[in-house]
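> Following this message is one structure expressed as structure tokens.
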Amino acid sequence: MINLHWLYVLAGAMFAAFAIASARDSTNSKRLGNAAFWALLAASFWFGDFLGDIGNGVLVLGLVALAGAHLLGKGTKPSTTLEEREQLSKQFGNKLFLPALIIPFVAFVGTLLFNYTPLKDSGLIEPKSVTLVLLGVGVLIALVVCYAWLRPHIAAPIEEGRRLIDSIGWAVVLPQMLASLGAVFAAAGVGTTIGMMASAIIPSGSIFLAVVLYALGMVAFTMIMGNSFAAFPVMAAAIGIPILIQQDGGNPAVVGAVGMLAGFCGTLMTPMAANFNIVPAALLELKNQYGVIRAQIPTAIPMLIANILILYFGAFHLAR
Amino acid sequence: MNYWPLLGILLVVLGFALKFNPLLVVAGAAIVTGLLGGMDFLTVLSALGKGFNENRYVTIIYLVLPVIGLLERYGLQQRARTMIVKLRGATTGRLLVGYLAFRQVMAALGLIAVGGHAQMVRPLVAPMAEAAAEKTHGKLDDATVERVKAMSAATDNVGVFFGEDIFLAIASILLIQSSLSSFGIHLTPFQLSVWAIPSAICAFLIHGSRLLLLDRQLARSSSR
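Protein sequence lines correspond, in order, to chains A and B.
Sequential numbering of the first sequence, starting at 1, is according to our numbering.
Sequential numbering of the second sequence, starting at 321, is according to our numbering.
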């Protein structure tokens, strides 16, 4: 059965190749820092399951030390120039889109095949990893097509991939780091403390205020933890279930579903949701690392108000 | 009740606000929070290592970079621009409204990976949005380019967040279901996911109007 470990081997190989290419890049004055960073990440993908928790912890400290000491840089090794790209894009035409669309297309067709045909029960792919496995398959097919059609230098995908990963830099591992911070927060009892504080300030008598506090609690806690999955069980246990559902008789489906969506408004506004907010800023080479968040806040706040109204009218008036 | 671990949150906020390296901030906050929560250093270190190792799947997405980078070398972004310039009536706002609808519908069908920052926004959506703005409003200043790119990324996020919960078998729906059932409230994923539809419609209307407003703002800044 194809599971995540297959992808980890592939990702490890990619980061190892990035490390080797970084070490040999004489245009980057910090090339050894980059090489060490990607090599540690390759080691995490290949050997993470054999290192033990403390071993992985030490590996994490290594990554943090390299990033914290500003030992990562960027090479200036030339890719094609803008003029060459204009020329090449004329030469290859709209067919250039095809390899780029292979990845989403494989995800699309693969998900449909997997969900709606007997393939699901064949045991070929581990069900919970389907999306990521299809992503990996799409990448491999696209690479084969590119090699066959464009005939690039054998190391060109690595060189170009490294150019992009260097522009993201240490932010590559920030989402994983934030997930571990969430685990430490949970183990230290941060969630239960916040839940206790939230349920302590609930005013009695006003259903609307309780709804507002529940939604704001979801937003605030999501912004702290970086994702609403950590916030939902805490806020549901603190306010959603005991106050809104059991005491005030709100519809549980609305309280659950829209409560989670209120949390998503928080995800749009926090740097802690790094993979949605910080990494894209790096990927698009924005000057302001909070540029994506700034673009999202004017959508997130009206959406929060909308969700509060849906929650209030839906749970207590329409679907009681 | 031990309130000291909450200091960790304060450290994160301060660290981000003072623009320290975020990895340093996060690791520091984790260690301080753990120690204040009564764990010893090795326990915190192993919690950190375990969390990092279990969440490696988040980083898998970068497998697309070699393909995207290679296609950029052969002029993919230039091609995306050319196509938009030729397309009549294409503006930044309309293009992004189209992408918003596409992303929401795909996510509602469970097709989360059709889209995303590395595989769609950087190579295609952002260059197209930029080219559309240049086409209708002439040469853009840096601040405008930055705003158009940021809105492209924002549109991807809004689309997937307020589309995915309509799909039944998505992680967040399953999490809601299991959280409620531990309190004896048993719901089917369908009962939950229909309640994602009103928010999805609001998201399309709210973010969609902002995108169309962006066109007008671009027009105003170019006429100055």
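Ideal placement from N, C-alpha and C gives every residue a C-beta, glycine not left out.
So with Cβ pairs under 7 Å, would you call PHE361/B a contact of chain A?
As a working mapping, residue 361/B is identified with position 41 in the second sequence. Output row for PHE361/B: interface = no.
> Please list the partners that ARG85/A has in chain B, where partner means a Cβ-to-Cβ separation under 7 Å.
For the purposes of this step, residue 85/A is taken as the residue at position 85 of the first sequence. The contacting residues are GLY395, GLN398.
> I need the boundaries of the alpha helix (DSSP H) containing LYS469/B, first residue and last residue.
On the second sequence, position 149 is the one that residue 469/B refers to. From DSSP, the alpha helix (DSSP H) with LYS469/B extends over 462-484.
> List, in order along the chain, the chain A residues whose C-beta lies closer than 9 Å to that of MET403/B?
In the second sequence, counting from the first residue as 1, residue 403/B sits at position 83. The contacting residues are ASN94, PHE97.
> Please work out which residues of its chain come closer than 8 Å, Cβ to Cβ, to TRP170/A, disregarding the five sequence neighbours upstream and downstream, and give them in chain order.
The residue you call residue 170/A lines up with position 170 of the first sequence. Within its own chain, the residues whose Cβ lies closer than 8 Å to the Cβ of TRP170/A, once the five positions on either side in sequence are excluded, are PHE37, LEU63, LEU66, ALA67, LEU72, listed in chain order.
> Using the beta-carbon of each residue, which ones in chain B are nearer than 7 Å to ALA253/A?
Within the first sequence, numbered from 1, the residue matching residue 253/A stands at position 253. Chain B residues near ALA253/A: LEU507, GLN511, LEU512, TRP515.
> MET1/A to ALA520/B, Cα distance in whole Å?
To locate residue 1/A, count along the first sequence from 1; it is residue 1. To locate residue 520/B, count along the second sequence from 1; it is residue 200. Going from the Cα of MET1/A to the Cα of ALA520/B covers about 36 Å.
> Quick one: which chain A residues come within Cβ less than 9 Å of GLU454/B?
Within the second sequence, numbered from 1, the residue matching residue 454/B stands at position 134. Simply none; closest approach about 15 Å.
> Since ILE54/A meets chain B, which of its residues come closer than 8 Å, beta carbon to beta carbon?
Indexing the first sequence from 1 puts residue 54/A at position 54. Within chain B, the residues near ILE54/A are LEU362, LEU365, SER366, GLY369.
> Given this structure, state the Cα-to-Cα distance separating LEU88/A from LEU150/A, to the nearest angstrom.
In the first sequence, the residue the question calls residue 88/A occupies position 88. In the first sequence, the residue the question calls residue 150/A occupies position 150. Cα to Cα, LEU88/A sits roughly 10 Å from LEU150/A.
> Contact criterion: CB-CB distance below 7 Å. Does THR27/A meet it with respect to chain B?
For the purposes of this step, residue 27/A is taken as the residue at position 27 of the first sequence. Not one chain B Cβ lies under 7 Å of THR27/A.
> Do MET225/A and GLY182/A have their beta-carbon atoms positioned less than 7 Å apart in this structure?
In the first sequence, residue 182/A corresponds to position 182, counting from 1. In the first sequence, residue 225/A corresponds to position 225, counting from 1. Yes, Cβ-Cβ distance for GLY182/A and MET225/A is below 7 Å.
> Return no unless some Cβ of chain A is closer than 7 Å to the Cβ of LYS459/B.
For the purposes of this step, residue 459/B is taken as residue 139 along the second sequence, with counting starting at 1. For LYS459/B, the answer is no, since every Cβ of chain A falls outside 7 Å of its Cβ.
> Give me the Cα-Cα distance between ILE486/B and LEU494/B, rounded to the nearest whole angstrom.
The residue labelled residue 486/B in the question sits at position 166 within the second sequence. The residue labelled residue 494/B in the question sits at position 174 within the second sequence. If you draw a straight line from the Cα of ILE486/B to the Cα of LEU494/B, it comes to about 12 Å.
> Count the other C-beta atoms from every protein chain shown that fall within 10 angstroms of the C-beta of PHE208/A, then say buried if there are 16 or more, exposed otherwise.
Locating residue 208/A in the first sequence gives position 208, counting from the first residue. Flag for PHE208/A reads exposed.
> Is LEU330/B buried or exposed, if buried means 16 or more other CB atoms sit within 10 Å of its CB?
Residue numbering aside, residue 330/B sits at position 10 when the second sequence is read from its first letter. Flag for LEU330/B reads exposed.
> For MET551/B, go through chain A and note every residue whose CB falls closer than 8 Å to its CB, in chain order.
Residue 551/B lies beyond the residue range present for chain B, which begins at 321 and ends at 544; the question has no answer from this structure.
> Between the C-alpha atoms of VAL279/A and VAL172/A, what's the straight-line distance to the nearest angstrom?
As a working note, residue 279/A is residue 279 in the first sequence. As a working note, residue 172/A is residue 172 in the first sequence. Put simply, the backbone Cα of VAL279/A is about 7 Å away from that of VAL172/A.
> Between HIS457/B and LEU538/B, which are expected to be in contact by the criterion C-beta below 8 Å, what is the C-beta distance as a whole number of angstroms?
Stepping through the second sequence from its first residue, residue 457/B is reached at position 137. Stepping through the second sequence from its first residue, residue 538/B is reached at position 218. Contact flag correct, Cβ pair sits at about 5 Å.
> PRO242/A and LEU500/B look like a contact to me (Cβ under 8 Å); what is the Cβ gap, rounded to whole Å?
The residue given as residue 242/A occupies position 242 in the first sequence. The residue given as residue 500/B occupies position 180 in the second sequence. Going by Cβ atoms, the distance from PRO242/A to LEU500/B rounds to 12 Å, so no, they are not a contact pair.
> If we ignore side chains and look at the alpha-carbon of each, how far apart do GLN397/B and GLN424/B end up?
Your numbering for residue 397/B matches position 77 in the second sequence. Your numbering for residue 424/B matches position 104 in the second sequence. Cα to Cα, the separation comes out at about 24 Å.
> Quick one: list the residues of chain A neighbouring GLU450/B, beta-carbon separation under 8 Å, in chain order.
Within the second sequence, numbered from 1, the residue matching residue 450/B stands at position 130. Per Cβ cutoff of 8 Å: no residues; GLU450/B is ~10 Å from chain A at best.
> Return no unless some Cβ of chain A is closer than 7 Å to the Cβ of LYS406/B.
The count along the second sequence starts at 1 and reaches residue 406/B at position 86. Chain A, which has no Cβ nearer than 7 Å to the Cβ of LYS406/B, makes this no.
> Between the alpha carbons of ILE496/B and GLY263/A, how many angstroms are there, rounded?
One-based indexing of the second sequence puts residue 496/B at position 176. One-based indexing of the first sequence puts residue 263/A at position 263. ILE496/B and GLY263/A: Cα-Cα distance of roughly 12 Å.
> Please compile the residues from chain B whose C-beta is within a distance smaller than 8 Å of the C-beta of THR299/A.
By one-based count along the first sequence, residue 299/A stands at place 299. The answer, in chain order, is ALA474, VAL478, ALA523, ILE526, HIS527, ARG530.
> Give the interface partners of GLY357/B over in chain A, defined as CB-CB distance under 9 Å, in chain order.
By 1-based counting over the second sequence, the position of residue 357/B is 37. Listed by position along chain A, the residues whose Cβ is nearer than 9 Å to that of GLY357/B are VAL184, PHE185, ALA187, ALA188, GLY189, VAL190.
> State the Cα-Cα distance for the pair PHE361/B and SER44/A, rounded to the nearest angstrom.
As a working mapping, residue 361/B is identified with position 41 in the second sequence. As a working mapping, residue 44/A is identified with position 44 in the first sequence. In a straight line, the C-alpha of PHE361/B is about 21 Å away from that of SER44/A.
> Return the residue from the list LEU415/B, ASP476/B, SER541/B, PHE340/B that minimises the CA-CA distance to ALA427/B.
For this step, residue 427/B is matched to residue 107 along the second sequence. Selected option, being the one with the closest Cα: ASP476/B.
> Taking the beta carbon of LEU525/B as the centre, do at least 16 other beta carbons fall within 10 Å, making it buried, or is it exposed?
For the purposes of this step, residue 525/B is taken as the residue at position 205 of the second sequence. Exposed: under 16 other Cβ atoms inside 10 Å.
> Here's the rule: buried if 16 or more other CB atoms are within 10 angstroms of the residue's CB, otherwise exposed. What is PHE372/B?
As a first step, residue 372/B is located in the second sequence; it is residue number 52 there, counting from the start. Label assigned to PHE372/B: buried.
> Along chain A, in chain order, which residues have C-beta atoms closer than 8 Å to that of VAL378/B?
Reading the second sequence from its first residue, position 58 is the one you call residue 378/B. Around VAL378/B, the beta-carbon contacts reaching into chain A at under 8 Å are PRO175, GLN176, ALA179, ASN275.
> Given that VAL172/A touches chain B, what residues does it touch there, using C-beta distances under 9 Å?
As a first step, residue 172/A must be located in the first sequence, where it is residue number 172. Those within 9 Å of VAL172/A in chain B are THR379, TYR382.
> Between the C-alpha atoms of ASP248/A and PHE221/A, what's the straight-line distance to the nearest angstrom?
Here residue 248/A refers to the residue found at position 248 when the first sequence is read from its first residue. Here residue 221/A refers to the residue found at position 221 when the first sequence is read from its first residue. Their Cα atoms are separated by approximately 23 Å.
> For a cutoff of 7 Å on Cβ pairs, would you count PHE481/B as touching chain A?
Taking the first residue of the second sequence as 1, we reach residue 481/B at position 161. It does; some Cβ of chain A falls within 7 Å.
> Nearest CA to the CA of VAL480/B: which residue from LEU304/A, LYS90/A, THR267/A?
Within the second sequence, the letter at position 160 stands for residue 480/B. Among LEU304/A, LYS90/A, THR267/A, the Cα nearest to that of VAL480/B belongs to THR267/A.
> Between PHE340/B, ILE351/B, LYS339/B, LEU343/B, which lies nearest to TRP324/B when the distance is taken from Cα to Cα?
Reading the second sequence from its first residue, position 4 is the one you call residue 324/B. The option with the nearest alpha carbon to TRP324/B is ILE351/B.
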